[in-house]
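Number of protein chains: 2
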Amino acid sequence: MDIWMRFMSGDGGIVFGRVEGGYLHEYASLDQRVPTGEVLSTRALTPLAPCAPGKIVALWNNYHALAAKLDKPVPAHPLFLLKSAGSVIGDGATIRRPASYAGKIVYEGELGIVIGRRCRDADLAEAAASIFGYTIVNDITAADLLNENPHFPQWCRAKGFDTFCGLGPAIVSGFDWQAGRVVTTLDGVERQNYPLADMVFSPAQQVSLISQDLTLEPGDVIACGTSLGVGSIKDGATVAVTIAGIGTLSNTLAARQDTGDATAAARAAANAA
Amino acid sequence: MDIWMRFMSGDGGIVFGRVEGGYLHEYASLDQRVPTGEVLSTRALTPLAPCAPGKIVALWNNYHALAAKLDKPVPAHPLFLLKSAGSVIGDGATIRRPASYAGKIVYEGELGIVIGRRCRDADLAEAAASIFGYTIVNDITAADLLNENPHFPQWCRAKGFDTFCGLGPAIVSGFDWQAGRVVTTLDGVERQNYPLADMVFSPAQQVSLISQDLTLEPGDVIACGTSLGVGSIKDGATVAVTIAGIGTLSNTLAARQDTGDATAAARAAANAA
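Going line by line, the protein sequences match chains A and B.
Counting from 1 along the first sequence, just add 1351 to a position and that's the residue number in our numbering.
Counting from 1 along the second sequence, just add 1351 to a position and that's the residue number in our numbering.
Below, the structure is given as structure tokens:
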């Protein structure tokens, strides 16, 4: 198992590499895994999300326990939406409530698959070989928007807001997902604790089947879906998602900011024009 | 009105700039609009999609005539999905049928808004100023997948396949959209001919309202939705979408390829594993 992280350095540059014993061994990039020879103390660096995905494929209904609870049949193909790349934040970053939205904001602790090389129409073996490693995702949703319009479910909008995709803290290559569990706490109280082995589509199956829909690129992330225990986050509360062997992804929903008036005015003007 | 295009040059490099009288006046990029001083004959260049969007926001139900035909109320906020960035093809490129999909493939001729600068929580004036120009979109859909699963409408999958977003041929800045019409032909027969003035949300309203959901970045594209006359494309047929003042975007759906068996086998293996 290797631990891969991305940081901002003191001069504002971005560095990526393998972390061992408090030091970053820099590599050229996620898909060009060539050491640059630079070794930096991680204490001088600011952690970022461990990759900058071009796309984030987020699965719905991928755990048997949740499918049973929702009384939905297990799907025959991964059911997914795309989260906007701009929604990504790293460990420790703040989730921002959209200025125009006062409703329920929901966490979902998930396993994230990080793609290591271009992958299209891949069979299972090629799909497995295309997985660079695993990370943790907090797939955040403005839940009241999802079915706000009865004629069009707004999955991409509800899950696509800036800061609505926690990602990190690290990518772990060689992680044995089959023995793993996702444990989510809200202000320290356990809310989710489910086994990854309960997945409907395994990571390699997801990559294989999704690669028949979309070409997957290095750094792309598949959020494997969540299971039981999803719930809402109050303003100011902290969600921590832990997968032993990967780490803990912790993000706090900012206390309500007083920016609602300006945005509401912009929105009203746009609607009226 | 200026015409902006992107090309592949003889050495495989990508050049972007303003086209006038058969010559490309190269610019640094879409958001850094600084001339490089290079002037190239477009005859030596291979046209590409005029930008490489990080995200493509595609609207549903944004024309009064279509809303009336579908008997749906006009929405209060733009209803959108995200098309994958990898779905983009330029004028003249071939639409490929997914190997695993034998169903109906549908064209939608649309106006495309190209963002010129980062835009978040923008009021109408800022939104209007953030529009770099306009292009043409053919928003292609594997229609039978949309409601294949009764529990989850697969918008992102059905519209996200590689080659399912025709974009081009040019971006025109200063284009007067209010007088424009979208004319779509299928193998030369007119199928769509609708006025842009029938839009529910104007381009500036779309940019303003969507910027309150997602930060829009330079090169991002908003596909404004389509109106009456959507239909299916037979294998081998050519769809041409024309907006006078922008140009014609023409793409052919490839004749059926004999690659179905290998992919079907990969799919079956992935499902069975």
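We put the beta carbon where it would ideally sit given N, CA and C, even for glycine.
C-beta contact flag for residue 1445/A and residue 1603/A at 7 Å | Position 94 of the first sequence, counted from the first residue, corresponds to residue 1445/A. Position 252 of the first sequence, counted from the first residue, corresponds to residue 1603/A. Yes, Cβ-Cβ distance for residue 1445/A and residue 1603/A is below 7 Å.
What do you reckon, are the CB atoms on residue 1484/A and residue 1465/A nearer than 7 Å?
-> Stepping through the first sequence from its first residue, residue 1484/A is reached at position 133. Stepping through the first sequence from its first residue, residue 1465/A is reached at position 114. A contact, by the Cβ cut-off of 7 Å.
Positions along the stretch 1395-1410 of chain B whose CB lies within less than 7 Å of some CB in chain A | 1405, 1406
Report the three-state DSSP secondary structure of residue 1549/A (helix, strand or coil).
-> Sequence index remark: in the first sequence, residue 1549/A carries index 198 (1-based). Reduced to three states, the DSSP call for residue 1549/A is helix.
Give the straight-line distance between the Cα atoms of residue 1504/B and residue 1504/A, rounded to the nearest whole angstrom.
-> Taking the second sequence and counting its residues from 1, one reaches residue 1504/B at position 153. Taking the first sequence and counting its residues from 1, one reaches residue 1504/A at position 153. Rounded to whole angstroms, residue 1504/B to residue 1504/A spans 8 Å at the Cα level.
Checking contacts by CB at 7 Å: is residue 1578/A closer than that to chain B?
-> Translated into the one-based positions of the first sequence, residue 1578/A becomes position 227. Residue 1578/A does not count as touching chain B.
Boundaries of the beta strand (DSSP E) in which residue 1532/A is found, first to last residue | Counted from its first residue, the first sequence places residue 1532/A at position 181. From DSSP, the beta strand (DSSP E) with residue 1532/A extends over 1532-1537.
Between which two residues does the alpha helix (DSSP H) containing residue 1415/A stretch?
-> Taking the first sequence and counting its residues from 1, the one referred to as residue 1415/A is at position 64. 1415-1421 is the extent of the alpha helix (DSSP H) around residue 1415/A.
Residue 1418/B to residue 1601/B, Cα distance in whole Å?
-> Along the second sequence, one-based indexing puts residue 1418/B at 67. Along the second sequence, one-based indexing puts residue 1601/B at 250. Roughly 27 Å between the two C-alpha positions.
Where does the unbroken beta strand (DSSP E) through residue 1511/B begin, and where does it stop?
-> As a position in the second sequence, residue 1511/B is number 160, starting the count at 1. Note, residue 1511/B: premise wrong, no beta strand (DSSP E); alpha helix (DSSP H) at 1506-1511.
If I'm right that residue 1356/A touches residue 1370/A with Cβ under 8 Å, what's the distance once you round it to whole angstroms?
-> Taking the first residue of the first sequence as 1, we reach residue 1356/A at position 5. Taking the first residue of the first sequence as 1, we reach residue 1370/A at position 19. Right, their Cβ atoms sit about 5 Å apart.
Listing by chain order, which chain A residues have their CB less than 9 Å from the CB of residue 1566/B?
-> Taking the first residue of the second sequence as 1, we reach residue 1566/B at position 215. Near residue 1566/B (Cβ distances below 9 Å), the residues of chain A are 1435, 1437, 1513.
Under 7 Å between C-beta atoms, does residue 1502/B make it to chain A?
-> For the purposes of this step, residue 1502/B is identified with residue 151 of the second sequence, where counting begins at 1. For residue 1502/B, the answer is yes, since a Cβ of chain A falls inside 7 Å of its Cβ.
If we count the other Cβ atoms within 10 Å of its Cβ and call it buried at 16 or more, is residue 1498/B buried or exposed?
-> The count along the second sequence starts at 1 and reaches residue 1498/B at position 147. By the 10 Å Cβ count, residue 1498/B comes out exposed.
Residue 1398/B, enclosing beta strand (DSSP E) - first and last residue | Within the second sequence, numbered from 1, the residue matching residue 1398/B stands at position 47. Per DSSP, residue 1398/B belongs to the beta strand (DSSP E) from 1397-1399.
For residue 1483/A, go through chain B and note every residue whose CB falls closer than 9 Å to its CB, in chain order.
-> Taking the first residue of the first sequence as 1, we reach residue 1483/A at position 132. Per Cβ cutoff of 9 Å: no residues; residue 1483/A is ~18 Å from chain B at best.
For the stretch 1355-1399 of chain A, list the beta strand (DSSP E) runs that are entirely contained and at least 3 residues long, ordered along the chain.
-> 1365-1371, 1374-1378, 1386-1392, 1397-1399
Specify, as a first and last residue, the run of the beta strand (DSSP E) that residue 1591/B falls within.
-> By one-based count along the second sequence, residue 1591/B stands at place 240. Where residue 1591/B is concerned, the enclosing beta strand (DSSP E) stretches over 1589-1594.
Residue 1604/A touches chain B at which residues, Cβ-Cβ below 8 Å?
-> Position 253 of the first sequence, counting from 1, holds the residue named residue 1604/A. The premise fails here: residue 1604/A is roughly 17 Å from chain B at the closest Cβ pair, so nothing lies under 8 Å.
Counting pairs of beta carbons, one from the stretch 1525-1538 of chain A and one from the stretch 1363-1379 of chain A, are three or more of them closer than 8 Å?
-> no
How about the stretch 1557-1567 of chain A and the stretch 1417-1435 of chain A: do they share at least three Cβ pairs that are nearer than 8 Å?
-> yes
is_contact[residue 1423/A, chain B] using C-beta, thresh 7 Å = Position 72 of the first sequence holds residue 1423/A. Chain B, which has a Cβ nearer than 7 Å to the Cβ of residue 1423/A, makes this yes.
Give me the Cα-Cα distance between residue 1571/A and residue 1438/B, rounded to the nearest whole angstrom.
-> Residue 1571/A sits at position 220 when you count from the first residue of the first sequence. Residue 1438/B sits at position 87 when you count from the first residue of the second sequence. Their backbone Cα atoms lie some 15 Å apart in a straight line.
DSSP state of residue 1565/A mapped onto helix, strand, coil = Here residue 1565/A is taken as the residue at index 214 of the first sequence, counted from 1. Coil, per DSSP.
Which runs of the beta strand (DSSP E) fall wholly inside the stretch 1452-1482 of chain B and span at least 3 residues, in chain order?
-> 1456-1458, 1460-1466
Kindly confirm or deny that the stretch 1486-1498 of chain A and the stretch 1455-1464 of chain A touch, where touching means at least three C-beta pairs closer than 8 Å.
-> yes
Spatial distance of residue 1415/B from residue 1482/B (CA atoms) = To locate residue 1415/B, count along the second sequence from 1; it is residue 64. To locate residue 1482/B, count along the second sequence from 1; it is residue 131. So the two alpha carbons sit approximately 23 Å from each other.
Classify residue 1408/B as helix, strand or coil using the three-state DSSP reduction.
-> In the second sequence, residue 1408/B corresponds to position 57, counting from 1. Correct three-state label for residue 1408/B: strand.
Quick one: which chain B residues come within Cβ less than 7 Å of residue 1451/A?
-> Here residue 1451/A refers to the residue found at position 100 of the first sequence. Within 7 Å Cβ-Cβ: 1563.
Below-7 Å beta-carbon distance, residue 1315/A vs any chain B residue = Given a span of 1352 to 1624 for chain A in the structure shown, any question on residue 1315/A remains unanswerable.
What number of angstroms, rounded off, separates the C-alpha of residue 1518/A from the C-alpha of residue 1379/B?
-> Residue numbering aside, residue 1518/A sits at position 167 when the first sequence is read from its first letter. Residue numbering aside, residue 1379/B sits at position 28 when the second sequence is read from its first letter. Cα-Cα distance, rounded: 33 Å.
Could you please give the first and the last residue of the uninterrupted beta strand (DSSP E) stretch that includes residue 1521/B?
-> Residue numbering aside, residue 1521/B sits at position 170 when the second sequence is read from its first letter. Start and end: 1516-1524.
Beta-carbon spacing of residue 1433/B, residue 1406/B below 7 Å | Locating residue 1433/B in the second sequence gives position 82, where the first residue counts as 1. Locating residue 1406/B in the second sequence gives position 55, where the first residue counts as 1. Closer than 7 Å, so yes.
Note the first and the last residue of the continuous beta strand (DSSP E) segment covering residue 1600/A.
-> As a first step, residue 1600/A is located in the first sequence; it is residue number 249 there, counting from the start. Unbroken beta strand (DSSP E) run through residue 1600/A: 1598-1604.
Can you name, in chain order, every residue of its own chain whose Cβ lies under 8 Å from the Cβ of residue 1393/B, other than the five neighbours on each side?
-> Position 42 of the second sequence, counted from the start, is the residue given in the question as residue 1393/B. 1356, 1358, 1370, 1373, 1374, 1375.
Taking residue 1508/A as the query, report the chain B residues whose CB atoms sit under 7 Å from its CB, ordered along the chain.
-> Counting from one through the first sequence, the residue named residue 1508/A turns up at place 157. What residue 1508/A touches in chain B: 1431, 1564.
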